[in-house]
Amino acid sequence: MTKNEILRFQPPVAELLGREVIDVDTENGAATLHFLARPDFANRHGTVQGGLIAAMLDSATALALYAVLPVEQTAVTTNLNVSFLKPARIGPFVAVSKLLSRDHRYGETSAELRDPDGVVVATAVAKLRIVRRRMTTDE
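In this note's numbering, the protein residues as written are 2 to 140.
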């Protein structure tokens, strides 16, 4: 896989979350993504269930680190700290993430999730462990 293919790859969970990669900054480590919360994402209050918001933020924070890694490396989240700020209505969201720090073994990133009105509904800080990518026979 090329770097661009890795950054644009849509695993099944990304499809579930309605993820679309809009922009990736491979120089500084940043990403902008769209997500679409479907009606079946609703909790008992009719807003998006917190675990799905966390999944969106996990996806966004990881991509900021992936952006600066060489093709032979990837990363796994070891800690994700999410702050839920406002109820999130069913519908589209924009996530913006950025790389905060990185060494040869770990990276730290942050992200915010905004609703269509530009209101930040949740934020996250992630710590990720950098590991060697396992290449499959399909790559």
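Even for Gly, the Cβ is constructed at its ideal location relative to N, Cα and C.
{"query": "Cβ neighbours of Gly19 in the same chain (closer than 6 angstroms, five flanking residues each side left out)", "result": "Phe36 and Leu37"}
{"query": "C-alpha gap between Ala112 and Ala63, whole angstroms", "result": "10 angstroms"}
{"query": "According to DSSP, residues forming a beta bridge with Arg20", "result": "Per DSSP, none; premise fails for Arg20."}
{"query": "Candidates Arg134, Lys128 and Val122, of which the one nearest Ile54 by Cα", "result": "Val122"}
{"query": "Buried/exposed call for Leu70, threshold 16 Cβ in 10 Å", "result": "buried"}
{"query": "Inter-residue CB distance, Ala56 and Leu66 (contact presumed, cutoff 8 angstroms)", "result": "The Cβ separation is near 17 angstroms, so there is no contact."}
{"query": "Contact set for Asp61: own chain, Cβ-Cβ below 7 angstroms, skip 5 residues either direction", "result": "The question names Asp, but residue 61 in the sequence shown is Ala. Only Ala32, Leu34, Ala96, Ser98 and Ala112 meet the Cβ criterion."}
{"query": "Asn162 versus Ala89: straight-line alpha-carbon distance, rounded", "result": "With the chain covering only 2 through 140, there is no way to say anything about residue 162."}
{"query": "Candidates Lys87, Pro93, His46 and Asn29, of which the one nearest Glu109 by Cα", "result": "Asn29"}
{"query": "Exposure of Leu86, with buried meaning 16 or more beta-carbon neighbours within 10 Å", "result": "exposed"}
{"query": "Minimum C-alpha distance to Leu17 - residue among Leu100, Asp41, Gln74 and Glu73", "result": "Asp41"}
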